[in-house]
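Contents: one structure, followed by commentary.
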Amino acid sequence: MSSTYPGLLARTQRFRLGRPQRLSLTPDGRRVLFLRSRGGEDPVRRLWQLDLETGVERLLADPLAAGAAAAPTAQEQTRRERARDQGSGIVDYHFDQGVRVVAYTAAQHLHRVDPWTGHGSRLPARTPLTDAVLSPDGTAVAYVHAGALRLIGADGAGDRPLAEPENPDVTYGLAEHVAAESMDRQRGHWWSPASDRLAVCRVDNGPVATWYLSDPARPDAPPTAHRYPAAGTANALVSLHILDRDGGRVDVDLGWAEYEYLVAVVWDGHGLMAVLQNRPQTVLRTVAIDPDTGLTRTLAESRDRAWTQIVPGVPCRTASGALIATADLGDTRYLTVDGEPVTPAGLQVAEVHGCDGDTVLFGASEEPTERHLWTWAPGVGAERMTTVPGRHSGIRAAGTTVINSATLDGHAVTVSGRTVKDLSVPSPSVPVVSFLRAGERELRTAVLFPAGWQGERLPVLMDPYGGPAAQRAVADRDAFYASQWFADQGFAVIVADGRGTPGRGPRWERAIHGDRSTSLLEDQIDALHAVARQHPEIDLTRVGIRGWSAGGYLAALAVLRRPDVFHAAVAGAPVTDHLLYDTHWQERFLGDPRLDPDAYRRSSLIDDAAKLERPLMLIHGLRDDNVYPVHTMRLSAALLAAGRPHTVLPLPGASHMSPGTDLLTPQLRFLREALNIH
Numbered sequence: 001m002s003s004t005y006p007g008l009l010a011r012t013q014r015f016r017l018g019r020p021q022r023l024s025l026t027p028d029g030r031r032v033l034f035l036r037s038r039g040g041e042d043p044v045r046r047l048w049q050l051d052l053e054t055g056v057e058r059l060l061a062d063p064l065a066a067g068a069a070a071a072p073t074a075q076e077q078t079r080r081e082r083a084r085d086q087g088s089g090i091v092d093y094h095f096d097q098g099v100r101v102v103a104y105t106a107a108q109h110l111h112r113v114d115p116w117t118g119h120g121s122r123l124p125a126r127t128p129l130t131d132a133v134l135s136p137d138g139t140a141v142a143y144v145h146a147g148a149l150r151l152i153g154a155d156g157a158g159d160r161p162l163a164e165p166e167n168p169d170v171t172y173g174l175a176e177h178v179a180a181e182s183m184d185r186q187r188g189h190w191w192s193p194a195s196d197r198l199a200v201c202r203v204d205n206g207p208v209a210t211w212y213l214s215d216p217a218r219p220d221a222p223p224t225a226h227r228y229p230a231a232g233t234a235n236a237l238v239s240l241h242i243l244d245r246d247g248g249r250v251d252v253d254l255g256w257a258e259y260e261y262l263v264a265v266v267w268d269g270h271g272l273m274a275v276l277q278n279r280p281q282t283v284l285r286t287v288a289i290d291p292d293t294g295l296t297r298t299l300a301e302s303r304d305r306a307w308t309q310i311v312p313g314v315p316c317r318t319a320s321g322a323l324i325a326t327a328d329l330g331d332t333r334y335l336t337v338d339g340e341p342v343t344p345a346g347l348q349v350a351e352v353h354g355c356d357g358d359t360v361l362f363g364a365s366e367e368p369t370e371r372h373l374w375t376w377a378p379g380v381g382a383e384r385m386t387t388v389p390g391r392h393s394g395i396r397a398a399g400t401t402v403i404n405s406a407t408l409d410g411h412a413v414t415v416s417g418r419t420v421k422d423l424s425v426p427s428p429s430v431p432v433v434s435f436l437r438a439g440e441r442e443l444r445t446a447v448l449f450p451a452g453w454q455g456e457r458l459p460v461l462m463d464p465y466g467g468p469a470a471q472r473a474v475a476d477r478d479a480f481y482a483s484q485w486f487a488d489q490g491f492a493v494i495v496a497d498g499r500g501t502p503g504r505g506p507r508w509e510r511a512i513h514g515d516r517s518t519s520l521l522e523d524q525i526d527a528l529h530a531v532a533r534q535h536p537e538i539d540l541t542r543v544g545i546r547g548w549s550a551g552g553y554l555a556a557l558a559v560l561r562r563p564d565v566f567h568a569a570v571a572g573a574p575v576t577d578h579l580l581y582d583t584h585w586q587e588r589f590l591g592d593p594r595l596d597p598d599a600y601r602r603s604s605l606i607d608d609a610a611k612l613e614r615p616l617m618l619i620h621g622l623r624d625d626n627v628y629p630v631h632t633m634r635l636s637a638a639l640l641a642a643g644r645p646h647t648v649l650p651l652p653g654a655s656h657m658s659p660g661t662d663l664l665t666p667q668l669r670f671l672r673e674a675l676n677i678h
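Residues in the sequence shown are numbered consecutively from 1, following the UniProt record's numbering.
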């Protein structure tokens, strides 16, 4: 690997290796468990415990010592890539209510460890396995192997199936593709608080089309089959069942013929509930489930003419049984308690981190570039816990709160006056970011210049994401390492969040409904011109744009439709034809293509191929099971058919994100040549 800054950025996974992650608090609030590697270039996650009373940190489990540090399964890899985490070692862990045992998975094997003594062992569960969850009483682990939900004692005894697939298209206990990739539901089975039963998803992938991925660099390897529900095609059939530990089964009647998506399942001390959504995503319904009969009743329902928003962490319930959710009213996403808004107008609730007694911990934004940690409690109302501009999240138990903070000054995890050790490598280049509100829509925009810049004329590099999954112009140093590197190579770098990005309320998010292209492009141009008015030194005759995934789509869109503004583009893993992306994600914004194909045609790039008159580089991982390589291949084919020269950089063996690979240097070389920079 290169010793250059891009090489270091790749090796350290953007300086995230060595940071504590997947933090959890014991129910008494006295200990923090977390995963962390031993250093900033070590990708192997180990399990650690911090005693908050003594400040002593202890290693609980090392997968290298257990001979289990291999890469995760393909399914686990996809999930973590969405969080930009491509490490190895321990995949996940769970502890029982009394914190007497911790179960964890590594290299598709199941292990247990005593958190008091550190003594551990591998359990003889069938392999490869995934989605292992320890029962609340600590006596058993439910896991999935070969599509079957199985149960094994925490002592390693009694491994047996609870539900086995009726045919190769069926799985028990797993989240289907759209749940894991588009609905933030990673699990497919949930223990009852009494540990006597589980709520289990049965997924029938029979109706879903099969897509294939192959690696041209390995012609001897057969292609891999994936079930992929592209927009306008059939989804998996998902049902819910209650299984007891002796093999008894109750089929749940979710009571709504029009539901197509099982969004969430919660089984707490107040009972079992589930969240359902219809195919158009205009109705979101929360139902209570009687696990003895499988019958349901409606607890809450929300409707929206565009789409109903899924918010991470909801619903949940307080100790007294109040139902915590959110509501989109006007231009604000409110926190609700039993259906009543309890947060002020203008505070945009982004996520609920959980309930501790009757106190709710949640993340919310008053200013889109920041997200702060808040609490709400009866008789107290909403109170903000964090003050430093940044992106803050947390967990809470027994009155103890762990605060995970990412700011322009760095990253820190703090709790009860203590800091959880961060072993990541510090970046030798620290981003220097200026924020402004660009144009009449006050687009949140970050601007970066070369270190030591003295006002000389600079070419421009737009560096957006632009999609509804995330923001880029945020008060978080992590967001700008690559941007600052490009700035230091002689660019004025502009990062702007336009309409459709999160953090500015329901109306802002829904402005892209029915059209994924027009407003995205308009907002990038508005931000560019606003920065130029403030900094006339930037050269509007040499404007490049780069992006990945949704940002890759935006970059290609820019040079295809506005070559008068954008003079070169690098599009990584671009979504070029929205018909080739999944149902739940794409139909949320563009509707069902069987009913409104025009929305998809307006947003597609394929018909624009003949318009290309600027340099365009396409980059794509050939094992990408999120944005399939067909997106780049079809656009490239259309460009060739139209006689439009372009550059394609294929990445053999790489999926949607490409860990450990320097992709910045080839982008820089391309942009310098395309923009005539010497």
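Backbone N, C-alpha and C fix where the C-beta goes; we use that ideal spot for every residue, glycine too. This one's a predicted model, so the numbers in the text were calculated from it and none came from an experiment.
### Task
List the DSSP bridge partners of M462.
I494 and I545
### Query
Nearest CA to the CA of Y104: which residue from L237, L461, E53 and L35?
L35
### Query
Quick one, are the C-beta atoms of residue 764 and A527 less than 7 Å apart?
Lying before the first or after the last residue shown, residue 764 is absent from the chain, which here runs from 1 to 678.
### Message
Along the chain, where does the beta strand (DSSP E) containing P207 start, and where does it finish?
### Response
Looking at the DSSP string, P207 is not in any beta strand (DSSP E), and its letter there is neither H nor E.
### Message
Let's see if you can read the secondary structure: which residues bound the alpha helix (DSSP H) around W485?
### Response
Y481 to D488
### Cβ pair count under 8 Å reaching 3, the stretch 400-411 against the stretch 467-478
yes
### Task
Tell me whether Q77 sits in a helix, a strand or coil according to DSSP, three-state version.
Its pLDDT being 42, under 50, Q77 is placed unreliably in this model, and the value from its coordinates should be taken loosely. Residue state, collapsed to three classes: helix.
### Task
Check whether the Cβ atoms of M462 and I310 sit closer than 7 Å, and answer yes or no.
no
### Query
DSSP state of H145, grouped into three classes?
strand
### Task
Indicate the three-state DSSP secondary structure (helix, strand or coil) for W508 in the structure shown.
helix
### Task
Determine, using beta carbons only, whether G505 and T332 come nearer to each other than 7 Å.
yes
### Task
Kindly indicate which three-state DSSP category A274 falls into: helix, strand or coil?
strand
### Query
From I677 to Q471, what distance separates their C-alpha atoms?
30 Å
### Query
So, helix, strand or coil for L639, using DSSP?
helix
### Query
Per DSSP, I152 is paired with what?
V141
### Query
Taking all protein chains shown into account, do 16 or more other C-beta atoms lie within 10 angstroms of the C-beta of E587, making it buried, or fewer, making it exposed?
buried
### Task
Along the alpha helix (DSSP H) that carries E673, what are the first and last residues, could you check?
L664 to A674
### Query
Assuming V342 contacts A382 under a Cβ cut-off of 8 Å, what Cβ separation, rounded to an integer in Å, is found between them?
7 Å
### Query
Taking the alpha-carbon positions, what's the H177 to A530 distance?
41 Å
### Query
Skipping 5 residues on each side, what residues in its chain have a beta carbon closer than 6 Å to that of P219?
none
### Query
Below 8 Å, can you find three or more Cβ-Cβ pairs linking the stretch 88-104 to the stretch 123-140?
yes
### Task
State whether the stretch 221-236 contacts the stretch 146-157, with contact taken as three or more CB pairs (one from each stretch) at a distance under 8 Å.
no
#### Entry: Cβ contact (3+ pairs, closer than 8 Å) linking the stretch 190-201 and the stretch 159-179
yes
### Message
Using a Cβ-Cβ cutoff of less than 7 Å, which residues in the same chain neighbour G394 once the five nearest sequence positions on both sides are dropped?
### Response
H353, L361, L373, T401, V402, I403 and N404
### Task
Please state if the CB of A573 and the CB of G552 are separated by a distance shorter than 7 Å.
yes
#### Entry: Cβ shell of V250 (< 6 Å), same chain only, five flanking positions each side left out
I242 and G294
### Message
Using 7 Å as the threshold, is the C-beta distance between P223 and S214 below it?
### Response
yes
### Close beta carbons around F480, own chain, < 8 Å, minus the five adjacent residues each side
P431, V433, A446, L448 and V495
### Query
Secondary structure at T632, three-state DSSP: helix, strand or coil?
helix
### Query
Considering only C-alpha positions, which residue in the set D137, G498, E41 and G379 is nearest to E442?
G498
### Query
From L595 to S320, what does the alpha carbon distance come to, in whole angstroms?
45 Å
### Query
When we look at the beta-carbon of S121 and count the other beta-carbons within 10 Å, is it buried (16 or more) or exposed?
exposed
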